[in-house]
Amino acid sequence: MNCREFIGFLVEYLDGELQASVLADFEEHLSLCESCTAYLASYRETILAARLVSNEVLLNEAPEELIEAILQSRPR
Amino acid sequence: MSSDAALISSLQAGDADAFETLVRKYMPALLRVARRFLRSEEDARDAVQDAFISAYKSIRNFASNSQLGTWLHRIVVNSALMKLRSQKRRPEEDIEQLLPRFQEDGHQVIPSEPWDESAEAIMQRKELRKLVREAIDKLPETYRTVLLLRDIEELSTEETARLLGINNNTVKVRLHRARQALRAILDPHMRGVA
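Going line by line, the protein sequences match chains B and H. Residue numbering for the first sequence follows my numbering, starting at 1 and increasing by one per position. Residue numbering for the second sequence follows my numbering, starting at 77 and increasing by one per position.
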């Protein structure tokens with residue numbers, strides 16, 4: 001497996017969907033390639049960073065005017 | 077009986093007070109989800125309103141083995157996606173230049189280097205949080221939507237594909253390209269060379 005193929009398998013790898021034979025090649029490449037080791041680690045951090053930033057709670061609000069609008073629009 | 081189970085029973089009996097309880101209880105969570113997908117506050121509020129009305133109309137079909145919060149989450153995601161589809165497409169930046177390049181033998185043209193900073197460190201730095209937020213926002217819409225559904229809302233590939241009307245492989249390709257583009261934007265900042 002080369003770097004191009006390794007990086008192409010990242011989604012399936014992180015989803016635990018790689019077939020055993022591919023997984024063995026993937027892990028062998030990972031153990032030999034410093035660049036792909038760094039790429040995988042930074043790819044994981046990127047996913048986590050996107051999640052943390054997107055879930056950052058800036059406002060935990062329930063605007064009263066929106067509540068009223070929804071209650072008014074409830075089908076009778 | 078849990079408080080949600082009692083609430084569902086009251087809603088299914090057509091109790092108006094129960095509907096108000098539902099709206100007040102779940103509004104903040106639903107509004108946060110809608111705001112992640114929709115850039116305008118007005119659109120986010122419209123999507124939340126549509127979601128609650130849709131939930132009200134279909135509460136009789138609510139499966140008792142489901143979680144009310146999860147069910148509402150799916151409904152508001154769907155409302156937000158419908159809103160997005162109705163909007164004019166924005167001019168989009170090409171992300172090709174953010175994807176890794178490879179030599180003929182499959183090695184990366186520019187080898188990747190380890191990051192000095194973690195995702196948790198990003199949360200401590202305002203400018204990096206802003207960078208991540210803006211980078212997600214700048215992704216082409218088809219990529220941004222898949223990233224939000226898979227990595228932020230934590231839906232499966234299959235559910236994301238079903239919601240967007242695309243196949244599983246297209247979800248994986250778009251997700252991978254979105255993650256790679258974000259990684260490339262963060263890379264110089266996380267290695268301290270920006």
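Idealized CB from N, CA, C, for every residue including glycine.
Is it right to say residue i is buried, meaning 16 or more other beta carbons lie within 10 angstroms of its own, or is it exposed?
| i | result |
| --- | --- |
| H:Gln143 | exposed |
| B:Glu56 | exposed |
| B:Leu32 | exposed |
| H:Thr233 | buried |
| H:Ala82 | exposed |
| H:Ile84 | buried |
Considering only residues of the same chain and omitting the five flanking positions on each side of residue i, which have a CB-CB separation below 7 Å?
| i | result |
| --- | --- |
| H:Arg267 | Glu189, Trp191, Asp192 |
| H:Ile151 | Ala127, Ser130, Ala131 |
| H:Asp93 | none |
| H:Leu224 | Arg112, Phe113 |
| H:Thr146 | none |
Can the beta-carbon of residue i be found less than 8 Å from the beta-carbon of residue j?
| i | j | result |
| --- | --- | --- |
| H:Ala110 | H:Val124 | yes |
| H:Leu157 | H:Tyr102 | no |
| H:Arg226 | H:Leu262 | no |
| H:Leu114 | H:Lys159 | yes |
| H:Glu96 | B:Leu71 | yes |
| B:Leu14 | B:Phe26 | no |
| B:Ala62 | H:Pro176 | no |
| H:His265 | H:Leu207 | yes |
| H:Lys133 | B:Pro75 | yes |
| H:Phe178 | B:Arg4 | yes |
| H:Asn121 | B:Thr46 | Rather than Asn, the amino acid found at residue 121 of chain H in this sequence is Arg. No, the pair does not count as a contact, with Cβ atoms beyond the cut-off. |
| H:Arg165 | H:Tyr219 | no |
Is residue i near the ligand GDP, going by C-beta to nearest heavy atom under 7 Å?
| i | result |
| --- | --- |
| H:Ala270 | Because no ligand of any kind appears in the structure shown, any question about the ligand GDP cannot be addressed here. |
Can you list, in chain order, the residues of its chain whose CB lies under 6 Å from that of residue i, leaving out five sequence neighbours each side?
| i | result |
| --- | --- |
| H:Leu258 | Ala211 |
| H:Asp119 | Lys159 |
| B:Phe6 | His29, Cys36 |
For residue i, which residues of its own chain have a beta-carbon under 8 Å away from its beta-carbon, when the five flanking residues on both sides are left out?
| i | result |
| --- | --- |
| H:Ile228 | Arg112 |
| H:Arg136 | Gln88 |
| H:Asp91 | none |
Problem - At least 3 beta-carbon pairs within less than 8 Å: the stretch 224-237 of chain H vs the stretch 167-182 of chain H - result: no
Exercise for the section: Count the C-beta pairs between the stretch 239-255 of chain H and the stretch 197-205 of chain H that are closer than 8 Å, then say yes if the count reaches three, no if not. Expected result: no
Practice task
State whether the stretch 64-71 of chain B contacts the stretch 34-46 of chain B, with contact taken as three or more CB pairs (one from each stretch) at a distance under 8 Å.
Solution key: no
Exercise for the section: Mind listing, in chain order, the continuous beta strand (DSSP E) runs of no fewer than 3 residues lying wholly within the stretch 145-175 of chain H? Expected result: none
Problem - Runs of alpha helix (DSSP H) lying entirely within the stretch 112-140 of chain H, each at least 4 residues, in chain order - result: 117-134
Exercise for the section: Just list the alpha helix (DSSP H) runs in the stretch 23-67 of chain B, keeping only unbroken ones of 4 residues or longer that don't cross its boundaries, in chain order. Expected result: 34-54
Practice task
Entirely within the stretch 231-260 of chain H and at least 4 residues each: give me those alpha helix (DSSP H) ranges in chain order.
Solution key: 233-240
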